[in-house]
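Peer 1: Have a look at this one before I ask anything.
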């Protein structure tokens with residue numbers, strides 16, 4: 001049987017290039033394309049058969065390792081990654097490590113035992129040697145090892161967007177909440193840029209690190225209580241959506257006016273911010289595009305391509321209630337649009 | 001090699017009973033326990049070895065099929081089910097069908113091809129023959145086939161809790177939002193009980209069916225707009241948390257007082273309701289216990305036990321902001337408790 005190696009040899013290109021041609025991916029010159037197609041015709045090469053025989057050594061399973069599936073950032077991301085994997089013919093094995101290093105190690109071992117073709121890892125334990133994982137790995141918003149490519153939202157841009165909003169609003173004394181600093185993540189760029197911008201504009205800025213290792217709303221609400229009681233002079237806050245929402249809830253209950261007394265700007269944009277009243281302005285991470293990029297890089301690694309670029313950042317957008325289409329649309333209440341999505345029924349009682 | 005069948009034969013009990021003894025599960029009389037242990041000692045039977053050889057025919061993979069991972073009900077449920085499966089030595093393959101029948105069929109086929117030991121299914125497509133799935137299946141809050149056991153929250157109790165709250169609050173003209181009626185689910189008992197209680201107490205009650213087949217917040221907000229504009233005389237609403245929160249947001253924006261002008265009672269209790277201001281009273285589904293029961297029934301089926309009981313309901317609880325500990329606790333703002341979970345840091349700028 002003619003193999004992809006034969007096609008590559010006869011066409012005088014690498015196996016990698018033939019694979020990229022067959023998968024219609026990446027730049028290949030017109031001339032090389034023609035050359036490969038002619039070779040395929042000449043040798044009566046049947047890509048699908050070969051693909052299948054290549055695949056027969058594979059499980060088509062991808063491990064997705066995250067700290068917490070219940071957190072809206074990760075559940076939304078899981079949804080997009082699962083969808084993207086499906087589109088590319090892969091199934092996901094989900095591992096939620098509950099922030100436990102031991103559980104994460106077990107997860108990775110079990111994924112290896114189940115012979116996954118690759119892993120996308122969005123958690124980070126300090127004592128795990130990620131570089132030692134024998135199957136291809138892509139990291140999600142975490143620096144795991146110098147050999148593992150990282151895909152993340154553009155945190156620099158996110159920090160800039162929030163800083164500009166806080167400055168425009170006229171805040172003079174702001175706080176930001178930052179993630180657990182022992183986890184090495186591109187997100188630290190966001191905190192740095194934000195603090196830098198505050199400094200540059202002569203705005204006082206205090207940074208608070210969260211030492212939480214579990215996603216539970218009650219601690220967020222307690223943090224909000226303590227923070228608001230101890231920092232009554234703060235007039236602007238930049239924090240991930242859940243922290244921002246917890247602070248907003250408590251501030252409202254304490255009788256403070258949002259955004260007049262306290263201007264909140266979120267980061268994440270999963271869906272939770274959409275329920276807030278008043279609406280929470282926030283940085284929206286490009287979930288679909290992050291998922292697409294992470295899966296794409298992983299599949300390229302699985303197919304044996306050299307992946308040189310080690311950092312991929314995807315542009316973010318902003319939700320500004322006073323400006324956005326989303327808000328304008330939903331605040332108009334388009335009556336004729338809802339008849340199809342809800343209607344009165346008789347329950348026969 | 002001595003097998004579990006030999007132990008069963010010599011002990012004069014079923015293989016099932018020996019398996020239950022080895023897994024320390026279900027009631028077995030003291031006498032039978034002693035009898036089995038004596039036989040094991042006598043035959044020098046080594047359970048672990050056998051377990052391993054039994055397991056070698058298994059993948060230890062369980063398929064979890066749900067309509068939408070991003071929805072907080074399903075992401076929270078996934079978290080608990082994954083945890084419970086892990087505890088029992090299984091890994092989860094997650095399939096999010098995005099409410100597509102075609103995708104659900106593909107999922108089930110792919111899970112079969114990956115030789116999962118069993119499936120937990122929380123979605124429901126009308127044209128899928130669930131009874132024809134050859135591996136053990138447990139349904140989550142859905143009637144899939146008469147041969148498939150169903151695990152769900154106690155919807156009757158949930159409907160009663162909400163009805164009692166609405167009556168106590170003094171509502172006279174209420175509405176409830178019910179799920180897509182073509183999906184056969186134990187949840188319909190909740191709507192029926194609620195409407196019945198309203199009728200019994202002479203309270204007008206209108207039921208609205210949601211025809212949504214995607215989890216998107218914008219349509220919920222549009223429904224809220226239309227509903228509130230067209231039904232200004234409604235003074236009480238029973239709906240799942242996300243719908244209730246969308247209505248609360250819009251009602252607040254329209255200047256209505258919650259709960260004085262409009263009393264809202266939710267159903268789900270994942271975590272989203274905790275951010276609402278004012279707090280949303282709701283029925284809390286027992287996620288951990290549902291997960292435990294679903295996994296337990298599935299593993300019993302996988303291990304070949306006869307499962308006679310076809311419906312399992314787990315009691316719900318209620319969150320009443322004016323009464324609950326949770327609220328009292330968090331509203332006091334326990335300052336000395338937060339020092340460990342957040343602290344000021346210098347970013348060196």
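Protein chains in written order, with the UniProt record's numbering: chain P, 1 to 349; chain E, 1 to 349.
The C-beta atom is built at its ideal place from N, Cα and C for all residues, glycine as well.
Could you list which residues in chain E have their beta carbon closer than 9 Å to that of residue 204 of chain P, in chain order?
Peer 2: Start at 1 with the first residue of the first chain, and residue 204 of chain P comes out as number 204. What residue 204 of chain P touches in chain E: nothing, since even the nearest Cβ is about 12 Å away.
Peer 1: Hey, could you find the ends of the beta strand (DSSP E) residue 284 of chain P is sitting in?
Peer 2: As a working mapping, residue 284 of chain P is identified with position 284 in the first chain. Counted as a single uninterrupted DSSP element, the beta strand (DSSP E) harbouring residue 284 of chain P occupies residues 282 to 284.
Peer 1: Name, going along the chain, the residues of the segment 217 to 234 of chain P whose beta-carbon falls closer than 9 Å to a beta-carbon of chain E.
Peer 2: Cβ contacts with chain E come from 217, 218, 219, 220, 221, 222, 223, 224, 225, 226, 227, 228, 229 and 230.
Peer 1: To be precise: take each residue of the segment 184 to 211 of chain E, compare its Cβ to all Cβ atoms of chain P, and keep it if any distance is under 7 Å. Which residues remain?
Peer 2: Contact annotation: in the segment 184 to 211 of chain E, residues whose CB is within less than 7 Å of a CB in chain P are 191, 192, 195, 196, 199, 206, 207, 208, 209, 210 and 211.
Peer 1: Check whether chain P comes within 8 Å of residue 54 of chain E, counting only Cβ atoms and requiring the distance to be less than that.
Peer 2: As a working note, residue 54 of chain E is residue 54 in the second chain. Any reading at residue 54 of chain E needs caution, since the residue's pLDDT is 46, under 50, leaving its predicted position unreliable; the model's value is listed next. Not an interface residue.
Peer 1: How far does the beta strand (DSSP E) with residue 317 of chain P in it reach, from first residue to last?
Peer 2: Stepping through the first chain from its first residue, residue 317 of chain P is reached at position 317. 317 to 319 is the span of the beta strand (DSSP E), which, as asked, contains residue 317 of chain P.
Peer 1: What are the residues that DSSP puts in a beta bridge with residue 343 of chain E?
Peer 2: For the purposes of this step, residue 343 of chain E is identified with residue 343 of the second chain, where counting begins at 1. Paired residues: P:209.
Peer 1: Which term fits residue 157 of chain E, buried or exposed, when burial requires 16 or more other beta carbons within 10 angstroms of its beta carbon?
Peer 2: To locate residue 157 of chain E, count along the second chain from 1; it is residue 157. By the 10 Å Cβ count, residue 157 of chain E comes out buried.
Peer 1: Please go through the same chain and pick out, in chain order, the residues whose beta-carbon is closer than 7 Å to the beta-carbon of residue 155 of chain P, but skip the five residues on each side of it.
Peer 2: Residue mapping note: residue 155 of chain P aligns to position 155 of the first chain, counting from 1. So the qualifying residues of the chain are 186, 187, 189 and 190.
Peer 1: Which residues of chain P have a Cβ atom closer than 7 Å to the Cβ of residue 94 of chain E, listed in chain order?
Peer 2: One-based indexing of the second chain puts residue 94 of chain E at position 94. Result: 82, 92 and 94.
Peer 1: So what does DSSP say about residue 171 of chain P, is it helix, strand or coil?
Peer 2: As a first step, residue 171 of chain P is located in the first chain; it is residue number 171 there, counting from the start. Coil at residue 171 of chain P, not helix or strand.
Peer 1: How many angstroms separate the CA atom of residue 203 of chain E from the CA atom of residue 321 of chain P?
Peer 2: For the purposes of this step, residue 203 of chain E is identified with residue 203 of the second chain, where counting begins at 1. For the purposes of this step, residue 321 of chain P is identified with residue 321 of the first chain, where counting begins at 1. Going from the Cα of residue 203 of chain E to the Cα of residue 321 of chain P covers about 38 Å.
Peer 1: Would DSSP call residue 151 of chain P helix, strand or coil?
Peer 2: The residue you call residue 151 of chain P lines up with position 151 of the first chain. Strand, per DSSP.
Peer 1: When the cut-off is 8 Å and only beta carbons count, does residue 172 of chain P lie next to chain E?
Peer 2: Taking the first residue of the first chain as position 1, residue 172 of chain P is located at position 172. Chain E, which has no Cβ nearer than 8 Å to the Cβ of residue 172 of chain P, makes this no.
Peer 1: Please classify residue 229 of chain P as buried or exposed, where buried requires at least 16 other C-beta atoms within 10 Å of its C-beta.
Peer 2: One-based indexing of the first chain puts residue 229 of chain P at position 229. Residue 229 of chain P is exposed by the Cβ-count criterion.
Peer 1: Where does the unbroken beta strand (DSSP E) through residue 64 of chain E begin, and where does it stop?
Peer 2: To locate residue 64 of chain E, count along the second chain from 1; it is residue 64. That run of the beta strand (DSSP E) goes 61 to 66.
Peer 1: Looking only at C-alpha atoms, which of P:16, P:4, P:309 and P:5 sits nearest to residue 303 of chain P?
Peer 2: Stepping through the first chain from its first residue, residue 303 of chain P is reached at position 303. For the residues P:16, P:4, P:309 and P:5, the minimum Cα distance to residue 303 of chain P belongs to P:16.
Peer 1: With DSSP collapsed to three states, give me the class of residue 96 of chain P.
Peer 2: The count along the first chain starts at 1 and reaches residue 96 of chain P at position 96. In this structure, residue 96 of chain P counts as strand in the three-state DSSP scheme.
Peer 1: Taking the continuous alpha helix (DSSP H) assigned at residue 311 of chain P, which residues delimit it?
Peer 2: Here residue 311 of chain P refers to the residue found at position 311 when the first chain is read from its first residue. Where residue 311 of chain P is concerned, there is no enclosing alpha helix (DSSP H), although the beta strand (DSSP E) it sits in stretches over 311 to 314.
Peer 1: Are the beta-carbon atoms belonging to residue 183 of chain E and residue 142 of chain E less than 8 Å from one another?
Peer 2: On the second chain, residue 183 of chain E is found 183 positions in, with the first residue counted as 1. On the second chain, residue 142 of chain E is found 142 positions in, with the first residue counted as 1. Yes. Within cutoff.
Peer 1: Does the segment 62 to 76 of chain E come within contact of the segment 114 to 132 of chain E, defined as at least 3 CB pairs closer than 8 Å?
Peer 2: yes
Peer 1: Report the partner residues of residue 267 of chain E according to the DSSP bridge assignment.
Peer 2: Within the second chain, numbered from 1, the residue matching residue 267 of chain E stands at position 267. Partner(s): E:283.
Peer 1: Going by the DSSP bridge assignment, what does residue 91 of chain P pair with across the sheet?
Peer 2: Position 91 of the first chain, counting from 1, holds the residue named residue 91 of chain P. Among the bridge pairs identified by DSSP, residue 91 of chain P is matched with P:61.
Peer 1: Among P:235, P:273 and P:246, which one has its Cα closest to the Cα of residue 257 of chain P?
Peer 2: Here residue 257 of chain P refers to the residue found at position 257 of the first chain. Among P:235, P:273 and P:246, the Cα nearest to that of residue 257 of chain P belongs to P:235.
Peer 1: Under 8 Å by Cβ, that's how I've got residue 237 of chain P and residue 262 of chain P pegged, so tell me the actual separation to the nearest angstrom.
Peer 2: Translated into the one-based positions of the first chain, residue 237 of chain P becomes position 237. Translated into the one-based positions of the first chain, residue 262 of chain P becomes position 262. Between residue 262 of chain P and residue 237 of chain P the Cβ distance is about 7 Å, and since that is below 8 Å, they are a contact.
Peer 1: Which residues, in order along the segment 257 to 286 of chain P, keep a beta-carbon less than 9 Å from a beta-carbon of chain E?
Peer 2: 270, 271, 272, 274, 275, 276, 277, 278 and 279
Peer 1: Just the Cα atoms here: how many angstroms apart are residue 298 of chain E and residue 170 of chain P?
Peer 2: The residue labelled residue 298 of chain E in the question sits at position 298 within the second chain. The residue labelled residue 170 of chain P in the question sits at position 170 within the first chain. The alpha-carbon atoms of residue 298 of chain E and residue 170 of chain P are separated by roughly 58 Å.
Peer 1: Considering residue 120 of chain P, what are the terminal residues of the beta strand (DSSP E) in which it resides?
Peer 2: As a position in the first chain, residue 120 of chain P is number 120, starting the count at 1. Element bounds for residue 120 of chain P: 118 to 121.
Peer 1: Give me the chain P residues within the contact set of residue 246 of chain E, using Cβ-Cβ distance strictly less than 8 Å, ordered along the chain.
Peer 2: Counting from 1 along the second chain, the entry for residue 246 of chain E is found at position 246. Under the 8 Å cutoff, chain P gives 275.
Peer 1: Run through the DSSP bridge pairs and tell me what residue 350 of chain P is partnered with.
Peer 2: Limits of chain P in this structure are 1 at one end and 349 at the other, which puts residue 350 of chain P out of reach.
Peer 1: Below 8 Å, how does it come out for the segment 70 to 80 of chain E and the segment 284 to 295 of chain E: are there three or more Cβ pairs, yes or no?
Peer 2: yes
Peer 1: How should residue 220 of chain E be labelled, buried or exposed, when 16 other C-beta atoms within 10 angstroms of its C-beta is the threshold for buried?
Peer 2: Along the second chain, one-based indexing puts residue 220 of chain E at 220. Buried, because 16 or more other Cβ atoms sit within 10 Å of the Cβ of residue 220 of chain E.
Peer 1: Please check if any C-beta of chain E sits within less than 8 Å of the C-beta of residue 249 of chain P.
Peer 2: For the purposes of this step, residue 249 of chain P is taken as the residue at position 249 of the first chain. It does; some Cβ of chain E falls within 8 Å.
Peer 1: Since residue 166 of chain E and residue 344 of chain P are thought to touch, with beta carbons under 8 Å apart, how far apart are those beta carbons, to the nearest angstrom?
Peer 2: By one-based count along the second chain, residue 166 of chain E stands at place 166. By one-based count along the first chain, residue 344 of chain P stands at place 344. The pair is not a contact, with the Cβ atoms about 18 Å apart (cut-off 8 Å).
Peer 1: Can you give the beta carbon distance from residue 211 of chain E to residue 240 of chain E, rounded, assuming they're within the 8 Å contact cut?
Peer 2: In the second chain, the residue the question calls residue 211 of chain E occupies position 211. In the second chain, the residue the question calls residue 240 of chain E occupies position 240. So it is not a contact: roughly 15 Å between Cβ atoms.
Peer 1: Note down the Cα distance separating residue 177 of chain P from residue 243 of chain P, rounded to an integer number of angstroms.
Peer 2: Mapped onto the first chain, residue 177 of chain P falls at position 177. Mapped onto the first chain, residue 243 of chain P falls at position 243. Going by the C-alpha atoms only, they are around 8 Å apart.
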